[in-house]
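Participant: Can you read through this structure? Questions will come right after.
Residue numbers (our numbering): 33 to 260.
Take a look at the structure:
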């Protein structure tokens, strides 16, 4: 499905762009005319590797749009059962990866005097989900990071925002327990799981020239679950 926002002449980079929300976003951006580059583990790209991310950005002719959709759900574990390695793994991908990508993108965007950054957080980062301490805290940190970076680059032509989806029908659901999925779905007033394309539609607005007066903000797409 095409979008209503023109991306002709724009260059975009989407982390985690091979599946789920990232793939749906890539499709919409390309339908709008953008030259979209995908940075994804399926291609051997690891967001935990800051040097590789910086090299990927440096290789682009310019960069107008960055969407950070790479992430993992983490194991569904009670707090006392979360090991050091699992805790660090989830934060390294969900938080460090977003920071590394934002940091790499900003100088190139500043050079062009324009940029739109959209980081994918989660409603879990606002409310906290049981048996998801690592995931919830990593996504809460993405929200805080987005607010800080948005203020940091204000006035440069770069707008930085994030989204907080509720449970969405993506491959990440295969990483968590059915109990966890049922809990999340039960808290959605619309009574269903969201679709990647529904989230991509919001991302593309936030990544477009139509967005002019929002930065450092968190936009909910939760089927009514979000309460603040």
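Even glycine gets a Cβ: it sits at the ideal position worked out from N, Cα and C.
1. May I ask which residues mark the beginning and end of the beta strand (DSSP E) holding residue 69?
2. Could you name the residues that DSSP lists as bridge partners for residue 93?
3. Under the rule that 16 or more other beta-carbon atoms within 10 Å means buried, what is residue 120, buried or exposed?
4. Would you please state the rounded distance, in angstroms, between the beta carbons of residue 66 and residue 44? I believe it to be under 8 Å.
5. On the three-state DSSP scale, how would you describe residue 111?
6. Let me check understanding here. Comparing Cα to Cα, which of 54, 48, 162, 60 lies closest to residue 37?
7. If you measure between the beta carbons of residue 58 and residue 98, is that distance less than 9 Å?
8. Taking 6 Å as the limit between beta carbons, can you name the residues of its chain near residue 86, skipping five residues before and five after?
9. For residue 75, report the span of its beta strand (DSSP E) as first-last.
10. Give the DSSP bridge partners of residue 221, in chain order.
11. Measure the C-alpha to C-alpha separation of residue 249 and residue 238 and round it to an integer number of angstroms.
12. At the level of alpha carbons, what is the spacing between residue 233 and residue 49?
Facilitator: In this structure, then:
1. 67-71
2. Answer by DSSP bridge pairing: none, since residue 93 is not bridged.
3. exposed
4. 5 Å
5. helix
6. 60
7. no
8. 136
9. First-last for residue 75: undefined, no H or E at that position.
10. None, per the DSSP bridge assignment.
11. 10 Å
12. 15 Å
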